[in-house]
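Before any comments, here is the structure.
Residue numbers (my numbering), protein chains in the order written: chain R, 1 to 145; chain W, 1001 to 1499.
Written as structure tokens, this is what we have:
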């Protein structure tokens, strides 16, 4: 049983990691959900093999399941649930604003990159400015003020 | 005395509930927030004074004894962190009230900010690894809301990567917790400290490194820092300031706490930490030099400065840890002050982009002064607190003869000064090259509303106070270093003082 649960956790982790690598936020959210489930399963398994419900009724102590990891997993599930709801709201807001849920690149990073490209051009005046050497770095023609 | 221990968590949480109830009346909300944060500051100072006398103040919730019940502990490190964070939280709250932008429009600002305060205090107080996870989640959930509070497209974009990366870190944290519980059967840190020592060296090393990764993401260590400069600058001014000042340092605190208390600091761990630290400071400062936006330059500097703290930890000597603790105290205050100035500049000039602003030293000399003090301190110019903090670390590094790490930390200090000069010439001297995107708002001689300028000035003065009272603060930091290197004291205080 423990091996089965561990294997399920492994599959959940693998799928979650793969989905996390995607560009679409909806897939990332599902990926995070799967990762969270994997982690919670692992937490439940960490208490060892199952047993009787941990309500003291006179049975020998070894028969009971360890209640602590279950309590921890419950807390973790609630937290994951809340944060996933927030992430969904964020994804919806992004869809409202852009009509898409693609995760975009950092704008400033692209600007630094573009400045570097401009800089490289001005340092080599022998390069024809109309030459489209750096054109793949410039997403749109930018007028220099 | 131990009844005071839960108050830094309880006060903001109760205030948060009250603040939601009176959501319609903004002035009542303000009164509640300021009162609560002032009370937290007072309680924290009392706790620090007592912790410095006694070593440890242990609180057992509901009277349950240590490995089973929930334990809260204030030692010198936690006490110092509580005081500094309470001070910064209060100053930023006053700044936000003075700014009256997001704070006035959004009902949620005050309650969420108080939850953030609760999470930060809880992270410092807890003596239980799982409660540390819960405290982190509390703090992060509040930070998700604060970072996207305007709902603007750029905030949503950067908020997404921030939330996703934090969630991945949290999932990793649960995974490590599960592995630790499976191998030791406990999550109480004092108990873990004893049980982990019985484990096989390889398992222990794996757990130590996994925890370093988890907290490294939150602290912004190389190579896990990339989310930080992207997400922080888009939030509203006061929110950025509190994130920059506090959140990453909570991660650093967790690294220091776990690596010293839970694991026995093997030699290779020191080497790993020092290598990571040097890479973090170098990459951070080089990243800062490439930027054109004041807030982004400062955000890259957070990363660079985290390197110094981890360097102090990596030495695993009393002087190194004392230097790291002193550095954290100095850094939280100075960094928050710098981001508050950046918010003022943004408001005054209509942009925080160096190419779009200039000449502020003539139009708003007060802002120039407010920037100069923390900036010189950050760069490590005597007699400011940054110089003393760096001096303590360099001295500790030389004592452990880690020459190359000390050399690179000095070089990074020089580059820090360079990029502070870059901000100075770009923002305060010269002329703007381009038109700012928004209308500048002129506000008399002060350069901004009295609340904003006052709060910023208070933090500037606090950073000067750190260098004036450096002797006693370093004294506490040194005693904290002694405690950290002798984890058995912590373990005894938590486990054996059971009545």
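Glycine residues also receive a C-beta, built at the ideal position from the N, C-alpha and C atoms. Just so you know, these numbers come straight off a predicted model, no measurement behind them.
| Contact with chain W by residue 62 (chain R), beta-carbon distance below 8 Å | So, not an interface residue.
| query | Got a sec: which bits of the segment 1119 to 1152 of chain W sit with their beta carbon under 7 Å from any beta carbon on chain R, in order along the chain? | reply | The residues in question are 1130, 1134, 1137, 1141, 1144, 1148 and 1151.
| How about the segment 1268 to 1279 of chain W and the segment 1204 to 1224 of chain W: do they share at least three Cβ pairs that are nearer than 8 Å? | Three or more beta-carbon pairs drawn from the segment 1268 to 1279 of chain W and the segment 1204 to 1224 of chain W are found closer than 8 Å, and the two stretches are therefore classed as touching.
| Does DSSP classify residue 140 (chain R) as helix, strand or coil? | Because residue 140 (chain R) carries a pLDDT of 43, less than 50, the predicted location of this residue cannot be relied on, and the following value inherits that uncertainty. The answer is coil: DSSP assigns residue 140 (chain R) none of H, G, I, E or B.
| request: Return the chain-ordered ranges of every alpha helix (DSSP H) run that is complete within the segment 1274 to 1344 of chain W and spans a minimum of 4 residues. | output: The segment 1274 to 1344 of chain W contains these whole alpha helix (DSSP H) runs: 1294 to 1315.
| query | Given a threshold of 16 other Cβ atoms within 10 Å of its Cβ, counted over all protein chains shown, does residue 1506 (chain W) qualify as buried or as exposed? | reply | With chain W running from 1001 to 1499 in the structure shown, residue 1506 (chain W) is simply not present.
| request: Pull out every residue of the segment 1163 to 1175 of chain W whose Cβ sits closer than 9 Å to any Cβ of chain C, in chain order. | output: The structure shown contains no chain C; its protein chains are R and W.
| task | Anything in chain W within Cβ reach of residue 69 (chain R), meaning under 8 Å, just list it in chain order. | result | Correct list: 1178 and 1181.
| field | Residues bridged to residue 102 (chain R) (per DSSP) | value | R:24, per the DSSP bridge assignment.
| If you follow the alpha helix (DSSP H) that residue 1165 (chain W) is part of, which residue opens it and which one closes it? | First-last of the alpha helix (DSSP H) with residue 1165 (chain W): 1153 to 1184.
| Between the C-alpha atoms of residue 1229 (chain W) and residue 1296 (chain W), what's the straight-line distance to the nearest angstrom? | Using only the alpha carbons, I get a separation of about 6 Å.
| query | Is DSSP giving residue 1126 (chain W) helix, strand or coil here? | reply | Here residue 1126 (chain W) carries a strand assignment [DSSP, helix/strand/coil].
| said: Taking the alpha-carbon of residue 1134 (chain W) as reference, which of W:1192, W:1154 and W:1070 has the nearest alpha-carbon? | reply: Nearest to residue 1134 (chain W) by C-alpha distance, out of W:1192, W:1154 and W:1070, is W:1070.
| Backbone CA spacing between residue 1504 (chain W) and residue 1098 (chain W) [nearest angstrom] | There is simply no residue 1504 (chain W) to check, as chain W begins at 1001 and stops at 1499 in what is shown.
| query | Whose Cβ in chain W lies nearer than 9 Å to the Cβ of residue 83 (chain R)? | reply | Neighbours of residue 83 (chain R) on chain W, chain order: 1137, 1140, 1141, 1144, 1163, 1166, 1167 and 1170.
| Local conformation of residue 1028 (chain W) per DSSP, three classes | Looking at residue 1028 (chain W) - three-state DSSP - the assignment turns out to be helix.
| Option nearest residue 1377 (chain W) by Cα separation, candidates W:1458, W:1387 and W:1368 | Measuring C-alpha to C-alpha distances from residue 1377 (chain W) to each of W:1458, W:1387 and W:1368 identifies W:1387 as the nearest.
| message | When you compare the CB of residue 1156 (chain W) with every CB in chain R, is at least one pair closer than 8 Å? | response | Yes - at least one Cβ of chain R is within 8 Å of the one on residue 1156 (chain W).
| query | Distance, Cα to Cα, residue 1265 (chain W) vs residue 1272 (chain W)? | reply | So the alpha carbons of these two residues sit roughly 11 Å apart.
| said: Suppose the cutoff is 8 Å on Cβ atoms and the five residues either side in sequence are ignored; what does the same chain contact list for residue 1055 (chain W) look like? | reply: 1075, 1076, 1483, 1489 and 1493, listed in sequence order.
| request: Answer with buried or exposed for residue 131 (chain R), where buried requires no fewer than 16 other C-beta atoms within 10 angstroms of its C-beta. | output: For residue 131 (chain R), the predicted structure reports a pLDDT of 40, less than 50, and the residue's modelled location is therefore unreliable. A value from the coordinates is still provided. It counts as exposed.
| query | Could you give the residue range of the alpha helix (DSSP H) that holds residue 1423 (chain W)? | reply | That run of the alpha helix (DSSP H) goes 1403 to 1423.
| request: With DSSP collapsed to three states, give me the class of residue 1060 (chain W). | output: In the three-state reduction of the DSSP assignment, residue 1060 (chain W) falls in the strand class.
| For residue 1013 (chain W), which residues of its own chain have a beta-carbon under 8 Å away from its beta-carbon, when the five flanking residues on both sides are left out? | Cβ within range, chain order: 1114, 1115 and 1118.
| task | Following the continuous beta strand (DSSP E) through residue 1072 (chain W), name the residue where it begins and the one where it ends. | result | Note, residue 1072 (chain W): beta strand (DSSP E), 1071 to 1074.
| request: Assign residue 1291 (chain W) to buried or exposed, taking buried as 16 or more other Cβ atoms, counted over all protein chains shown, within 10 Å of its Cβ. | output: By the 10 Å Cβ count, residue 1291 (chain W) comes out buried.
| query | Within 10 angstroms of its Cβ, does residue 21 (chain R) collect 16 or more other Cβ (buried), or is it exposed? | reply | The residue is exposed, with fewer than 16 neighbouring Cβ atoms inside 10 Å.
| request: Please list, in chain order, all residues of the same chain as residue 67 (chain R) whose beta carbon is under 7 Å from its beta carbon, the five residues on each side excluded. | output: Excluding sequence positions up to five before and after residue 67 (chain R), its CB lies within less than 7 Å of the CB of 54, all in the same chain and listed in chain order.
| message | Using the three-state DSSP reduction, which class does residue 1106 (chain W) fall into: helix, strand or coil? | response | In this structure, residue 1106 (chain W) counts as coil in the three-state DSSP scheme.
| said: Considering only DSSP beta bridges, list what residue 1188 (chain W) is partnered with. | reply: In the DSSP output, where bridge partners are listed per residue, residue 1188 (chain W) has W:1128.
| query | Which partner residues does residue 1353 (chain W) have in the DSSP bridge list? | reply | Answer is W:1293, bridged to residue 1353 (chain W).
| Are the C-beta of residue 93 (chain R) and some C-beta of chain W separated by less than 8 Å? | Yes - at least one Cβ of chain W is within 8 Å of the one on residue 93 (chain R).
| query | With 16 other CB atoms within 10 Å as the buried threshold, where does residue 1032 (chain W) fall? | reply | Counting Cβ neighbours within 10 Å, residue 1032 (chain W) comes out buried, since at least 16 surround it.
| field | Proximal residues to residue 1404 (chain W) (C-beta, below 8 Å), its chain only, five neighbours per side dropped | value | 1278.
| Going by DSSP, which residues form a beta bridge with residue 1348 (chain W)? | For residue 1348 (chain W), which the question treats as bridged, DSSP gives no partner whatsoever.
| message | Between residue 49 (chain R) and chain W, is the shortest Cβ-Cβ distance under 8 Å, so that the two count as touching? | response | With 8 Å as the cut-off, residue 49 (chain R) does not count as an interface residue toward chain W.
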